[in-house]
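Protein chains: 2
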Amino acid sequence: MKIDRKRLEQSIEELGRIGETPRGGLTRLALSDEDKRARDQMVAWMRSAGLRVSVDQMGNIFGERAGTKALPPVMLGSHVDSVPTGGKYDGQLGVLCALEAIRSLNDERVSTRHPVTLAIFTNEEGARFQPAMIASGVMAGTIALEDAYNARDRNGIRLVDELERIGYLGAEPCVPRPIRAYLELHIEQGPFLEEEGRSVGVVEGIVGIAWSRLTFTGVQDHAGPTPMRVRHDALVAAADVVRAVRAIPARLSPEMVATVGRLDVSPNITNAIPGRVSLSIDLRDPREENVTRALALLDHAVTDAARAEGVRCELEHYWRVPPTPFHPEVVGADERAAQSLGVRSRRILSGAGHDAQYMAAICPAGMIFVPSRNGRSHCEEEFTPMDDIEHGANTLLLAMLDLTQ
Amino acid sequence: MKIDRKRLEQSIEELGRIGETPRGGLTRLALSDEDKRARDQMVAWMRSAGLRVSVDQMGNIFGERAGTKALPPVMLGSHVDSVPTGGKYDGQLGVLCALEAIRSLNDERVSTRHPVTLAIFTNEEGARFQPAMIASGVMAGTIALEDAYNARDRNGIRLVDELERIGYLGAEPCVPRPIRAYLELHIEQGPFLEEEGRSVGVVEGIVGIAWSRLTFTGVQDHAGPTPMRVRHDALVAAADVVRAVRAIPARLSPEMVATVGRLDVSPNITNAIPGRVSLSIDLRDPREENVTRALALLDHAVTDAARAEGVRCELEHYWRVPPTPFHPEVVGADERAAQSLGVRSRRILSGAGHDAQYMAAICPAGMIFVPSRNGRSHCEEEFTPMDDIEHGANTLLLAMLDLTQ
Numbered sequence: 147m148k149i150d151r152k153r154l155e156q157s158i159e160e161l162g163r164i165g166e167t168p169r170g171g172l173t174r175l176a177l178s179d180e181d182k183r184a185r186d187q188m189v190a191w192m193r194s195a196g197l198r199v200s201v202d203q204m205g206n207i208f209g210e211r212a213g214t215k216a217l218p219p220v221m222l223g224s225h226v227d228s229v230p231t232g233g234k235y236d237g238q239l240g241v242l243c244a245l246e247a248i249r250s251l252n253d254e255r256v257s258t259r260h261p262v263t264l265a266i267f268t269n270e271e272g273a274r275f276q277p278a279m280i281a282s283g284v285m286a287g288t289i290a291l292e293d294a295y296n297a298r299d300r301n302g303i304r305l306v307d308e309l310e311r312i313g314y315l316g317a318e319p320c321v322p323r324p325i326r327a328y329l330e331l332h333i334e335q336g337p338f339l340e341e342e343g344r345s346v347g348v349v350e351g352i353v354g355i356a357w358s359r360l361t362f363t364g365v366q367d368h369a370g371p372t373p374m375r376v377r378h379d380a381l382v383a384a385a386d387v388v389r390a391v392r393a394i395p396a397r398l399s400p401e402m403v404a405t406v407g408r409l410d411v412s413p414n415i416t417n418a419i420p421g422r423v424s425l426s427i428d429l430r431d432p433r434e435e436n437v438t439r440a441l442a443l444l445d446h447a448v449t450d451a452a453r454a455e456g457v458r459c460e461l462e463h464y465w466r467v468p469p470t471p472f473h474p475e476v477v478g479a480d481e482r483a484a485q486s487l488g489v490r491s492r493r494i495l496s497g498a499g500h501d502a503q504y505m506a507a508i509c510p511a512g513m514i515f516v517p518s519r520n521g522r523s524h525c526e527e528e529f530t531p532m533d534d535i536e537h538g539a540n541t542l543l544l545a546m547l548d549l550t551q
Numbered sequence: 147m148k149i150d151r152k153r154l155e156q157s158i159e160e161l162g163r164i165g166e167t168p169r170g171g172l173t174r175l176a177l178s179d180e181d182k183r184a185r186d187q188m189v190a191w192m193r194s195a196g197l198r199v200s201v202d203q204m205g206n207i208f209g210e211r212a213g214t215k216a217l218p219p220v221m222l223g224s225h226v227d228s229v230p231t232g233g234k235y236d237g238q239l240g241v242l243c244a245l246e247a248i249r250s251l252n253d254e255r256v257s258t259r260h261p262v263t264l265a266i267f268t269n270e271e272g273a274r275f276q277p278a279m280i281a282s283g284v285m286a287g288t289i290a291l292e293d294a295y296n297a298r299d300r301n302g303i304r305l306v307d308e309l310e311r312i313g314y315l316g317a318e319p320c321v322p323r324p325i326r327a328y329l330e331l332h333i334e335q336g337p338f339l340e341e342e343g344r345s346v347g348v349v350e351g352i353v354g355i356a357w358s359r360l361t362f363t364g365v366q367d368h369a370g371p372t373p374m375r376v377r378h379d380a381l382v383a384a385a386d387v388v389r390a391v392r393a394i395p396a397r398l399s400p401e402m403v404a405t406v407g408r409l410d411v412s413p414n415i416t417n418a419i420p421g422r423v424s425l426s427i428d429l430r431d432p433r434e435e436n437v438t439r440a441l442a443l444l445d446h447a448v449t450d451a452a453r454a455e456g457v458r459c460e461l462e463h464y465w466r467v468p469p470t471p472f473h474p475e476v477v478g479a480d481e482r483a484a485q486s487l488g489v490r491s492r493r494i495l496s497g498a499g500h501d502a503q504y505m506a507a508i509c510p511a512g513m514i515f516v517p518s519r520n521g522r523s524h525c526e527e528e529f530t531p532m533d534d535i536e537h538g539a540n541t542l543l544l545a546m547l548d549l550t551q
């Protein structure tokens, strides 16, 4: 049994037009008008495929294909939101390959023992509302529903109000429930599969992630008449931290990554010494103890930078997810599927967080990666060749069939 | 003859309410609704003081008190726009002390040979439209009217459209014309007068200023699965430049200042490696050759940072004003005025640009400084004690009388 490559390709193109950027990328922020349109499209396709569609309190969308027994479903999922000027593969591809796998079951009139459920999770990216993967976090019981509802975007708009506005504030409780297995196809977002000429990555787990936010408060002043000797420049201290964060991985682990992705200056004009700078720090490593060590180095770097420039600092380690090993049963199913298809594959760790990370807390979970050209993602240049997508989707289909037995 | 301290204090309080921030500062961006209201208030007061009010093509407002002869006027001026979350003294104080000086002439029914004109210049700060002092620049013939009209704010709104919207697109040509002298009272914005316990600074000139803008373009990518070895992070390069700019003055001149005041990151989210960063560089020194040397050091630092991180750079030195010496006749009048009042004063250089800088190209020009508490300005904490303001305003009044003879 195989998926229909042409149908899958058409779905990718069609859904990719919703929120498309002039340069061929995607801006489809969570719970925006574009997100709503993409959700509406998915719901329409899910209904056409005969799925029973439901929406939960977090706006997660589920489409169930009944099994022959009243058993917990095998869930295939991902997300349709994107980062600003992101690409057309991150998230969307997993949802569409899952839909294609289900359509293929329909084509062949295959019955499965366990039901199969397609899941679309709300606000996976964390680009608009923090933290990322907020809705699978609620489902896993890790994030309180009320906290998620009160998450605000940069304009102060609450997540729950946007859910309601776009018509996806569902009634179904967003709580843990019996799930046979959770399986997510996703782009690798790194360079390894492409470098090694492999179509499929059998994901063994996800690295540990720590997010911190930092604010330096110096003395806002006029850039002209304020002598260098009396300055307390929040941006100078921030520059020290950007350099220090960049240097952390080399001191601790070859697999560690460290990034300052967001930095906001106030008042942010040419002729004023920055009085306040806030910035984000993202640290990841496969080993929990390395993340802990990195946070300690960050603490030191921030204190040193603040002292050197005479500015105040507030550093908050506000989000942390330990490394997540995926379930041997799901990893095994993925591996057998790839092998039976004769697809070149390898085991791999995910450097990015995914909804599968939270799902792993409540059911056997796993992921399948397909390559990212030049390792790039979260950008308009994001691309995966259709040959690899086809291999990945077939691997997903077979692994799902395996798990529904 | 003396100014009326109480009346001046009331005017400062009243005008300061227009655009007041919750913490007692001022946000009154050029050509905003707040700027319009402040202009309307000034025009009303100028008319009450019997001045003939006119508005030129750049929205500069002039209020003329006739002299006994048809001679060029002595012009007293400053501005009413502010930076975001700025203070209530920068600009506004000069305009109100000028108004108070004219009101005092009226009180005493003093006639002057030369007319006296109060001038309010458009967009002095450069916080909304660049470059700063755009309207005196047009008046001096340095900036083309069309270029000024086409200056756009961050939202792409043109200066000329905002002039029209708020009703200050006047008909009078904005061109050089005969002016007996231009005199501007302003806050020092630096620490020297306060440190030395002096009420008045007799400004000898303005330092040279160079503004540059820089954009680094790296590779936007996901902060998780992208190994450190393949990164081209625009913010890391920018951090190098922030540090390098901070280090330039120590290498060249004790009077030099160097500032990165604006820095914008794209896409500016926690889990994306910054693909693009743009920032501003502000360099100032009393000696032109030092500014030139600083720009050369900046060029090197930018090239080095771009090479080290493997990112592209675009550096543009887009605005430069040479050091401006003020006219001995005006400096002398200021100094005699302060001495005759028995006010503690000193000669001083201005580290900030002012409209007086452009006016110096078309007439004898000078400035009077009053102290800034803790040397601070362009912030809500901006403050000048009323005793110093009174001394400064009286110095302005006497110097103006001297020049109108």
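Chains as they are written, first to last, in our numbering: chain U, 147 to 551; chain F, 147 to 551.
Virtual Cβ for every residue (Gly too), placed ideally from N, Cα, C.
Item: Any idea if U/Val321 is buried or exposed, counting beta-carbon neighbours within 10 angstroms, 16 or more meaning buried?; Value: exposed
Item: Return the first residue and the last residue of the beta strand (DSSP E) that F/Cys243 is part of.; Value: Per DSSP, F/Cys243 belongs to no beta strand (DSSP E); it is in the alpha helix (DSSP H), 238 to 253.
Item: Quick one: any contact between the segment 330 to 342 of chain F and the segment 228 to 247 of chain F, if contact means 3 or more CB pairs under 8 Å?; Value: yes
Item: How many angstroms separate the CA atom of F/Val466 from the CA atom of F/Ala390?; Value: The sequence given here has Arg at residue 466 of chain F, not Val. Cα to Cα, the separation comes out at about 20 Å.
Item: Count the other CB atoms, across all protein chains shown, that sit within 10 Å of the CB of U/Thr363; report buried if there are 16 or more and exposed otherwise.; Value: buried
Item: Mapping the DSSP letters down to three states, classify U/Asp410 as helix, strand or coil.; Value: strand
Item: Are the C-beta atoms of U/Asn178 and some chain F residue less than 9 Å apart?; Value: It should be noted that the sequence gives Ser, not Asn, for residue 178 of chain U. No, U/Ser178 lies away from the interface with chain F (no Cβ there is under 9 Å from its Cβ).
Item: Between F/Pro471, F/Ala479, F/Ile164, which has its C-alpha nearest F/Ile508's C-alpha?; Value: F/Pro471
Item: Check distances from the C-beta atoms of the segment 237 to 270 of chain U to those of chain F and list, in chain order, the residues that come in under 9 Å.; Value: none
Item: Helix, strand or coil for U/Asp202? Go by DSSP, reduced to three states.; Value: strand
Item: Considering Cα atoms alone, identify which of F/Glu210, F/Pro261, F/Leu245 is closest to F/Gln551.; Value: F/Pro261
Item: Out of U/Lys182, U/Glu462, U/Arg482, which has the shortest C-alpha to C-alpha gap to U/Phe267?; Value: U/Lys182
Item: Can you tell me whether U/Met147 is buried or exposed, with buried defined as 16 or more other CB within 10 angstroms of its CB?; Value: exposed
Item: Mind checking F/Asp533: buried by the 16 CB within 10 Å criterion, or exposed?; Value: exposed
Item: On the criterion of 16 or more Cβ atoms from any shown chain inside 10 Å, does F/Gly115 qualify as buried, or is it exposed?; Value: Given that chain F is displayed from residue 147 to residue 551, the structure contains no residue 115 of chain F and the question cannot be resolved.
Item: Note the first and the last residue of the continuous beta strand (DSSP E) segment covering F/Gly364.; Value: Premise fails: F/Gly364 is in no beta strand (DSSP E) and is neither H nor E.
Item: What in chain F is Cβ-close to U/Met204, meaning under 7 Å?; Value: What U/Met204 touches in chain F: nothing, since even the nearest Cβ is about 20 Å away.
Item: Spatial neighbours of F/Pro230 within its chain, please: CB distance less than 7 Å, with the 5 preceding and 5 following residues excluded, ordered by chain position.; Value: Thr173, Leu175, Ala273
Item: What residues from chain U crowd round F/Gly499, counting only those whose CB sits closer than 9 Å?; Value: Gly370, Asn417
Item: Cβ of U/Ile149 within 9 Å of Cβ of U/Pro219?; Value: no
Item: Helix, strand or coil for F/Thr530? Go by DSSP, reduced to three states.; Value: coil
Item: Looking at C-alpha atoms only, which residue of F/Asp379, F/Pro510, F/Arg408 is the closest neighbour of F/Ser358?; Value: F/Arg408
Item: Under 8 Å, CB to CB, which of the residues in the segment 436 to 464 of chain F have a partner in chain U?; Value: none
Item: Taking U/His446 as part of the alpha helix (DSSP H), name the residues at either end of that continuous run.; Value: 434 to 455
Item: Assuming U/Phe275 is part of the beta strand (DSSP E), what are its boundary residues?; Value: Counting along the chain, U/Phe275 falls outside any beta strand (DSSP E), and DSSP gives it neither H nor E.
Item: Please list, in chain order, all residues of the same chain as F/Gly521 whose beta carbon is under 6 Å from its beta carbon, the five residues on each side excluded.; Value: Gly336, Pro337
Item: Compute the Euclidean distance between the alpha carbons of U/Ala327 and U/Met546, then round it to the nearest angstrom.; Value: 9 Å
Item: Give a yes or no on contact between the segment 417 to 425 of chain F and the segment 376 to 386 of chain F, applying the rule of three or more CB pairs nearer than 8 Å.; Value: yes
Item: Buried or exposed, going by whether 16 or more other CB atoms sit within 10 Å of the CB of F/Arg323?; Value: exposed
Item: Counting only Cβ-Cβ distances shorter than 7 Å, please list the residues of the segment 317 to 344 of chain U near chain F, keeping chain order.; Value: Glu334, Gln335, Gly336, Pro337
Item: Run through DSSP, which three-state label would U/Arg345 get?; Value: A small correction: the amino acid at residue 345 of chain U is Ser; Arg does not occupy that position in the sequence shown. Coil at U/Ser345, not helix or strand.
Item: Would you decide whether U/Pro319 is buried or exposed? Buried here means 16 or more other CB atoms lie within 10 Å of its CB.; Value: exposed
Item: Please check if any C-beta of chain F sits within less than 9 Å of the C-beta of U/Asp307.; Value: no
Item: Which residue's Cα is closest to the Cα of F/Thr214: F/Asn206, F/Thr258, F/Glu434, F/Asp307?; Value: F/Thr258
Item: Which residues, in chain order, does the segment 469 to 484 of chain F contribute to contact with chain U at a C-beta distance below 8 Å?; Value: none
Item: Quick one, which residues of the segment 156 to 171 of chain U are near chain F if we go by CB-CB under 7 Å, in chain order?; Value: none
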